[in-house]
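For the sequence shown, our numbering assigns the number -3 to the initial residue and increments by one for each residue that follows.
All C-beta atoms, glycine included, are put in the ideal place defined by N, C-alpha and C.
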Amino acid sequence: MPGIRIKDHEAFDSALRRFKRICEKAGVLTEMRRHEFYEKPTWKRKRKAAAAKKRLLKRISKDRFTGMNSGKKGASSSASSNRSSSDSRSE
C-alpha cells in the first residue's frame, strides 16, 4: 500500500494530490476494481481473448493507416516469399 510522509507546513490538498498520484502509479484502484467481484476462470479467458482481439484489430488498422509495416525490417521480403509459396501450391 502506498504511503506518504507529510512535510512540515505542507497543505492538506497538496499531500492528498501526492497520495492520489502515487496510488494511481501503483495501480491500487484498478486492482481493487478487478477484485471487487469474483471472476470465473471462463470469464477471465473471455476477457483476455477479447482484449487480445481488440489489440490485434488496432494493430491491423494502424498498419493499414501507416502503409503496411513501412518501418519494420524484413516485412516485405517475408510477405513476398509467403505469396510466392502459396501461389506455387495452388497450381
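### Query
If you draw a straight line from the C-alpha of R93 to the C-alpha of E27, how long is it?
This structure gives no information on residue 93, because the portion of the chain shown stretches from -3 to 87.
### Task
Would you identify the three-state DSSP class for R4, choosing helix, strand or coil?
Counting from 1 along the sequence shown, the entry for residue 4 is found at position 8. At residue 4 the sequence reads Asp, which differs from the Arg that was named. Here DSSP, grouped into helix, strand and coil, assigns D4 to coil.
### Task
Helix, strand or coil for K36, going by three-state DSSP, please let me know.
On the sequence shown, position 40 is the one that residue 36 refers to. DSSP places K36 in the coil class of the three-state scheme, outside both helix and strand.
### Query
Are the beta-carbon atoms belonging to I0 and R13 less than 8 angstroms from one another?
The residue given as residue 0 occupies position 4 in the sequence shown. The residue given as residue 13 occupies position 17 in the sequence shown. It is not a contact, given that the beta carbons lie outside the stated cut-off.
### Query
How big is the Cα-Cα spacing for D30 and A48?
As a position in the sequence shown, residue 30 is number 34, starting the count at 1. As a position in the sequence shown, residue 48 is number 52, starting the count at 1. In the sequence as displayed, the identity of residue 30 is Arg instead of Asp. If you take the alpha carbons of R30 and A48, they lie about 18 angstroms apart.
### Residues near L25 by beta carbon distance below 7 angstroms, same chain, minus five either side
As a working note, residue 25 is residue 29 in the sequence shown. Answer for L25: C19, listed in chain order.
### Task
Express the C-alpha separation of A46 and I56 in angstroms, rounding to a whole number.
Indexing the sequence shown from 1 puts residue 56 at position 60. Indexing the sequence shown from 1 puts residue 46 at position 50. As the crow flies, the alpha-carbon of I56 is around 15 angstroms from that of A46.
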